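Chains as they are written, first to last, in my numbering: chain B, 4 to 295; chain A, 571 to 814.
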Amino acid sequence: MILDRIWATGPEARLLPAEGLHGPTVAVMAMMSFVMIVVAAAGLALANAAGVVVSGSESRYIIELAAASAPELPRAVAAAKAAPGVRNVSAVPQSEMRKTLERWLGESANSPDLPIPAMATVELAPGADAAVVGKAVQSQVPAARFSAQSAQLKPLLASLRALQWLALALVLLMVSATAGAIVLAARGALDTHRPTVEIMHGIGATDRQVTRLFERKIAIDAIAGALAATVAAAAVLLLIGSGVSASAADLAWSSPYGADDFLVLALIPVAAVVIAVVVAHATLLRALRSSL
Amino acid sequence: MGRVQLSAIVQFESVGLRYGTGAEVLRDLDFTLSRGSFYFLTGASGAGKTSLLKLLYLAQKPTRGRIRMFEQDLSDAERESLPHFRRRIGVVFQDFRLIRHLSAYDNVALPLRIAGRVEKEINSAVREMLDWVGLGDRSGARPATLSGGEQQRVAIARAVVTQPDLLVADEPTGNVDAEMAKRLLHLFGALNDLGTTVVVATHDLGLIASNPGAEIMRLDSGALVDPTGLLRNPPRMDRRKTRP
């Protein structure tokens with residue numbers, strides 16, 4: 004449908020003067036599409052990050068003991084290991100706990116006077132009952148606290164989800180702004196070429212024939228703008244992506260995007276062009292209906 | 571010379587037209603135009619000639635009364651149906667209304683392209699028409715490079731290239747010399763012989779005198795002067811017509 008509107012025959016293409024690829028439509032489409040791609044990319048990266056966090060924590064549980072009960076950690080670990088469905092249990096070394104605390108307490112974290120709680124991570128096999136494991140640990144060490152790692156990550160996940168929704172809202176806002184800009188561009192084009200439109204109507208052109216001329220121009224401008232935006236956005240994302248890859252080299256999560264994500268990002272400029280043409284079509288038909 | 575069947579192609583019944591909330595510029599128009607006839611529309615400036623022509627070429631709807639054209643009541647016609655009827659009407663505008671960025675050839679070809687004719691057919695029809703109006707060698711020229719008279723001839727070629735059922739011309743000889751005026755009137759006459767109904771708005775008494783077979787419609791302050799009643803009740807019979 005779009006291609007049909009772009010590849011008009013020679014005489015039809017000549018009905019509007021050739022103006023080249025300048026004018027507000029190209030620039031507006033380029034800017035809007037660029038922002039849409041970058042914001043969508045950020046949203047997808049957040050979604051993937053949340054996914055990584057969730058999948059990494061959903062089978063993980065934590066045994067915590069206050070400093071006073073810390074010596075009971077080996078018994079708690081042994082109880083967990085003996086429970087059904089437990090794949091792995093590993094006590095977090097005191098040195099690592101102190102290293103973590105160093106971020107907040109500095110050198111004081113290494114003070115022997117500082118009470119350090121004890122902690123062990125438990126990885127369950129799929130289908131394992133966490134409640135059974137928790138009871139087994141607490142029957143041996145009543146002071147132990149057994150909790151899901153995901154529960155502690157809930158605030159982080161909520162923030163990531165909120166940012167995803169914000170990204171989606173921004174993309175939709177950009178779509179609305181693009182549609183608004185196309186409405187203005189279509190009306191402006193119609194006003195500029197009003198004499199040609201009147202002549203064509205006068206000698207029997209249908210609204211559809213007149214609309215086709217303007218759709219063609221708007222489609223070409225929209226494609227040019229979307230292409231420019233795609234190239235610019237790809238460059239920016241590659242630049243950011245290379246930085247993320249370098250800093251995440253020591254993490255299991257190496258790339259923020261999967262193949263599906265690239266497909267979604269590639270479809271955004273295509274969707275922007277389709278929206279531009281559809282909006283232009285509707286705007287032009289509506290505007291022409293006000294004439295006889 | 572030709573014999574034509576005189577049936578109504580246009581019927582106005584109590585037609586009035588006003589722009590906005592102003593006074594009526596046309597009032598109580600009752601007349602019938604016969605298929606294949608030739609009419610001159612005269613009247614002083616401001617009498618309503620251009621407004622009447624606008625009603626005839628469907629650029630305006632009447633504010634009251636009924637208009638039948640091509641055996642259809644078009645007074646309340648849906649706008650989607652109007653292009654079909656407009657393609658049966660050729661219009662020569664007083665200000666030519668050529669598309670500035672198109673060549674003379676493309677301007678003349680426009681009605682045929684809009685009607686969906688194939689390029690081969692368009693090419694021969696347009697070449698023939700441009701030759702006829704004496705612009706065969708200027709087919710590639712844009713309107714801005716043509717004189718007023720040449721532009722008018724392009725406008726006339728565009729109006730007649732589809733051999734319309736109704737030809738409406740607003741001062742078509744206003745910018746051409748006497749010789750070209752004669753040729754253009756001859757072209758209109760030839761089209762008229764083929765069955766086209768021709769309505770020419772003009773102040774040129776010489777033009778009117780050169781076509782004694784034509785009927786004259788005179789507008790006076792928005793009303794049609796029809797002392798003989800012929801416009802309201804045209805003769806419905808075969809008749810032999812004379813041509814300039």
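We put the beta carbon where it would ideally sit given N, CA and C, even for glycine. Quick caveat: nothing in here was measured; it's all calculated off a predicted structure.
- Taking a 10 Å sphere around the C-beta of Arg164 (chain B), we find fewer than 16 other C-beta atoms and assign the residue as exposed.
- In the DSSP assignment, Leu68 (chain B) falls within the beta strand (DSSP E) that extends over Arg63 to Leu68.
- Secondary structure note for Thr28 (chain B): its alpha helix (DSSP H) is the uninterrupted segment Pro27 to Ser60.
- By the neighbour-count criterion, in which 16 or more other beta carbons inside 10 Å mark a residue as buried, Gly183 (chain B) falls on the exposed side.
- Contact with chain B is found for Ile684 (chain A), since one of that chain's Cβ atoms lies less than 8 Å from the residue's Cβ.
- Contact annotation for Ala593 (chain A) against chain B: no contact, minimum CB-CB distance about 21 Å [criterion: below 8 Å].
- In the DSSP annotation of this structure, the continuous segment of the alpha helix (DSSP H) that includes Tyr675 (chain A) starts and ends at Ala674 to Ile684.
- Take Gly776 (chain A), set aside five residues on each side of it, and no residue of its chain has a beta-carbon closer than 6 Å to its own.
- In the structure shown, Asn113 (chain B) adopts helical secondary structure according to DSSP, grouped into three states.
- Just so you know, the alpha carbons of Ala614 (chain A) and Leu19 (chain B) end up roughly 38 Å apart.
- Contact annotation: Leu680 (chain A) and Ala695 (chain A) have beta-carbon atoms that are not nearer than 8 Å.
- Thr199 (chain B) sits in a helix when the DSSP states are folded into three classes.
- Secondary structure in the region 728 to 793 of chain A: the beta strand (DSSP E) runs of 3 residues or longer, each lying completely within the stretch, are 736 to 740, 767 to 771 and 785 to 790 in chain order.
- A Cβ of chain B is located within less than 8 Å of the beta carbon of Pro681 (chain A).
- Closer than 8 Å to the CB of Gln167 (chain B) there is not a single CB belonging to chain A.
- Secondary structure note for Ile579 (chain A): it is in no alpha helix (DSSP H), and the uninterrupted beta strand (DSSP E) holding it is Ala578 to Arg588.
- When Cβ-Cβ separations below 8 Å define contact, Arg667 (chain A) makes contact with chain B.
- Linking Arg649 (chain A) to Ser584 (chain A) through their CA atoms gives a straight-line distance of about 22 Å.
- Taken in chain order, the whole alpha helix (DSSP H) runs of length 4 or more contained in the region 110 to 179 of chain B are 133 to 143.
- At a cut-off of 8 Å, the C-beta of Ala629 (chain A) has a neighbouring C-beta in chain B.
- Nearest CB-CB separation between Gly54 (chain B) and chain A: not below the 8 Å threshold.
- The alpha carbon of Pro198 (chain B) has as its nearest neighbour, out of A:Phe663, A:Gln581, A:Arg658 and A:Ala593, the alpha carbon of A:Phe663.
- The shortest CA-to-CA distance from Gly635 (chain A) to any of A:Gly586, A:Ala647 and A:Asn677 is the one to A:Gly586.
- Interface annotation, Thr28 (chain B): not in contact with chain A, CB-CB separation never under 8 Å.
- Contact annotation: Ala43 (chain B) and Val174 (chain B) have beta-carbon atoms nearer than 8 Å.
- At a cut-off of 8 Å between beta carbons, Leu596 (chain A) makes no contact with chain B.
- At a beta-carbon threshold of 7 Å, none of the residues of chain A lie near Gly191 (chain B); the nearest stands roughly 18 Å away.
- Glu641 (chain A) counts as exposed, since fewer than 16 other C-beta atoms from the protein chains shown sit within 10 angstroms of its C-beta.
- Residues of the region 192 to 205 of chain B with a Cβ closer than 8 Å to any Cβ of chain A, in chain order: Pro198, Thr199, Glu201, Ile202, Met203, His204 and Gly205.
- Between Asp740 (chain A) and Ala771 (chain A), the CB-CB gap stays under 8 Å.
- Neighbourhood of Ala208 (chain B) in chain A, by CB distance below 8 Å: Pro653 and Ile684, in chain order.
- Annotation: Val770 (chain A) has no Cβ neighbours in chain B at a cutoff of 7 Å; minimum Cβ distance is about 18 Å.
- Among the residues facing chain B, Leu672 (chain A) is included, as its CB has a counterpart in that chain under 8 Å away.
- With respect to Ala33 (chain B), Ala238 (chain B) sits apart: the two C-beta atoms are not nearer than 8 Å.
- For Asp676 (chain A), the closest Cβ of chain B is nearer than 8 Å.
- With a 10 Å radius around the Cβ and a threshold of 16 neighbouring Cβ atoms, Glu105 (chain B) comes out exposed.
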